[in-house]
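Asks:
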Amino acid sequence: MEPVIIDYLEKFEEKIRQHLLKLCTERGVLDGKLLESEDIREYWLRIEPNYIADAAAQVAQYPIVSVAWAFYLGMAVAYCWDMDWNTYQHTKYEDFYGDEGFDNMDDHIVCDILGIVADSEEAKSLVAMVQTLAQDTVSMIRHEQIEPQSPMAYYVFTRACAAMFSIGAAVELKKLGYDYHKLG
Numbered sequence: 774m775e776p777v778i779i780d781y782l783e784k785f786e787e788k789i790r791q792h793l794l795k796l797c798t799e800r801g802v803l804d805g806k807l808l809e810s811e812d813i814r815e816y817w818l819r820i821e822p823n824y825i826a827d828a829a830a831q832v833a834q835y836p837i838v839s840v841a842w843a844f845y846l847g848m849a850v851a852y853c854w855d856m857d858w859n860t861y862q863h864t865k866y867e868d869f870y871g872d873e874g875f876d877n878m879d880d881h882i883v884c885d886i887l888g889i890v891a892d893s894e895e896a897k898s899l900v901a902m903v904q905t906l907a908q909d910t911v912s913m914i915r916h917e918q919i920e921p922q923s924p925m926a927y928y929v930f931t932r933a934c935a936a937m938f939s940i941g942a943a944v945e946l947k948k949l950g951y952d953y954h955k956l957g
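Here's what the structure looks like:
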């Protein structure tokens with residue numbers, strides 16, 4: 774891939790990440806900082822091809838879902854990282870599926886992994902927030918006016934999912950009590 778295209782994609786991903794970080798900060802679920810872990814990032818890079826294969830198949834009919842599930846997946850991976858990364862780092866991507874596969878991954882993650890009660894205020898608030906973030910992300914992708922189903926559309930979509938994953942992980946890390954502190 775040409776360096777100018779790589780530069781464009783990196784800037785696009787960072788633009789989405791910063792926008793989502795701002796929205797999450799406004800909602801009080803982040804504090805203006807992207808909490809992250811190299812372990813979590815490396816896990817995404819390992820499972821990204823599988824996620825993108827599932828999500829890309831849904832993008833025409835369910836564009837919001839296609840990017841939203843990356844957020845939930847980020848939350849689940851951050852939760853597993855906190856619980857016992859030595860055990861969970863080997864978790865297969867498909868283990869995050871719900872009983873209907875990719876289609877209800879969100880419900881499985883929210884209820885069965887994160888332990889949030891379905892239909893609770895916490896669950897409703899989370900779903901509303903993720904929907905807003907995903908709608909904004911899809912809007913930002915469309916704003917780029919890239920030819921649908923082109924190689925560039927694929928790369929932009931992949932970068933958007935990566936941004937959603939990292940924000941989902943950051944939200945869960947914050948919920949678990951992690952924060953950045955200056956040393957010394």
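Under our numbering, think of the first position of the sequence shown as 774, with each following residue one higher.
For glycine and all other residues, C-beta sits at the position ideal for the given N, C-alpha and C.
Tell whether a beta-carbon distance below 8 angstroms holds between Glu-809 and Ser-939.
Replies: One-based indexing of the sequence shown puts residue 809 at position 36. One-based indexing of the sequence shown puts residue 939 at position 166. Against a cut-off of 8 angstroms, the Cβ pair of Ser-939 and Glu-809 comes out as a contact.
Asks: Tell me where the alpha helix (DSSP H) around Gln-834 begins and ends.
Replies: Start at 1 with the first residue of the sequence shown, and residue 834 comes out as number 61. Gln-834 -> no alpha helix (DSSP H), and no H or E assigned at all.
Asks: Considering only residues of the stretch 831-907, which uninterrupted alpha helix (DSSP H) runs meet the minimum length of 4 residues and lie entirely inside it, listed in chain order?
Replies: 836-861
Asks: Pairs of beta-carbons, one from the stretch 838-850 and one from the stretch 879-886, closer than 8 angstroms: are there three or more?
Replies: yes
Asks: Can you tell me which of the three DSSP states Asp-952 falls into?
Replies: In the sequence shown, the residue the question calls residue 952 occupies position 179. Coil, per DSSP.
Asks: If I follow the unbroken alpha helix (DSSP H) through Ile-779, where does it start and stop?
Replies: For this step, residue 779 is matched to residue 6 along the sequence shown. Per DSSP, Ile-779 belongs to the alpha helix (DSSP H) from 776-799.
Asks: Rounded to whole angstroms, what's the CA-CA distance from Leu-887 to Thr-798? Just pull it up for me.
Replies: Taking the first residue of the sequence shown as 1, we reach residue 887 at position 114. Taking the first residue of the sequence shown as 1, we reach residue 798 at position 25. Those two C-alpha atoms are separated by around 21 angstroms.
Asks: Between Glu-894 and Val-944, what straight-line distance do the alpha-carbon atoms span, to the nearest angstrom?
Replies: Within the sequence shown, the letter at position 121 stands for residue 894. Within the sequence shown, the letter at position 171 stands for residue 944. Approximately 17 angstroms, taken between the alpha carbons.
Asks: Compare the beta carbon distance of Gln-908 and Ile-825 with 8 angstroms and say whether it is the shorter of the two.
Replies: The residue given as residue 908 occupies position 135 in the sequence shown. The residue given as residue 825 occupies position 52 in the sequence shown. Cβ atoms of Gln-908 and Ile-825: not closer than 8 angstroms.
Asks: Using only the alpha-carbon positions, how far apart do Glu-917 and Asp-780 sit?
Replies: The residue you call residue 917 lines up with position 144 of the sequence shown. The residue you call residue 780 lines up with position 7 of the sequence shown. Roughly 15 angstroms between the two C-alpha positions.
Asks: What does the alpha-carbon distance come out to for the pair Arg-814 and Cys-853?
Replies: Start at 1 with the first residue of the sequence shown, and residue 814 comes out as number 41. Start at 1 with the first residue of the sequence shown, and residue 853 comes out as number 80. Cα to Cα, Arg-814 sits roughly 13 angstroms from Cys-853.
Asks: Gly-874: which of Lys-897, Val-850, Asn-823 and Val-911 sits nearest, CA to CA?
Replies: Residue numbering aside, residue 874 sits at position 101 when the sequence shown is read from its first letter. Looking at the Cα atoms, Asn-823 is the closest of the given residues.
Asks: Could you give the DSSP three-state label for Val-929: helix, strand or coil?
Replies: Counting from one through the sequence shown, the residue named residue 929 turns up at place 156. Helix, per DSSP.
Asks: In whole angstroms, what is the alpha-carbon distance linking Met-848 and Ser-923?
Replies: As a first step, residue 848 must be located in the sequence shown, where it is residue number 75. As a first step, residue 923 must be located in the sequence shown, where it is residue number 150. Distance between the alpha carbons of Met-848 and Ser-923 is about 30 angstroms.
Asks: So, under 8 angstroms CB-CB, Arg-800 and Met-913 are touching, yes? Tell me the CB distance rounded to an integer number of Å.
Replies: In the sequence shown, counting from the first residue as 1, residue 800 sits at position 27. In the sequence shown, counting from the first residue as 1, residue 913 sits at position 140. Going by Cβ atoms, the distance from Arg-800 to Met-913 rounds to 18 angstroms, so no, they are not a contact pair.
Asks: Is the separation between the beta-carbon of Ala-942 and that of Ile-789 shorter than 8 angstroms?
Replies: Start at 1 with the first residue of the sequence shown, and residue 942 comes out as number 169. Start at 1 with the first residue of the sequence shown, and residue 789 comes out as number 16. The Cβ atoms of Ala-942 and Ile-789 lie no closer than 8 angstroms to each other.
Asks: May I have the straight-line CA-CA distance separating Thr-910 from Cys-934, to the nearest angstrom?
Replies: Along the sequence shown, one-based indexing puts residue 910 at 137. Along the sequence shown, one-based indexing puts residue 934 at 161. As the crow flies, the alpha-carbon of Thr-910 is around 9 angstroms from that of Cys-934.
Asks: Nearest by alpha-carbon distance to Asp-952: which of Asp-872, Phe-930, Gln-862 and Lys-806 is it?
Replies: Taking the first residue of the sequence shown as position 1, residue 952 is located at position 179. Among Asp-872, Phe-930, Gln-862 and Lys-806, the Cα nearest to that of Asp-952 is on Lys-806.
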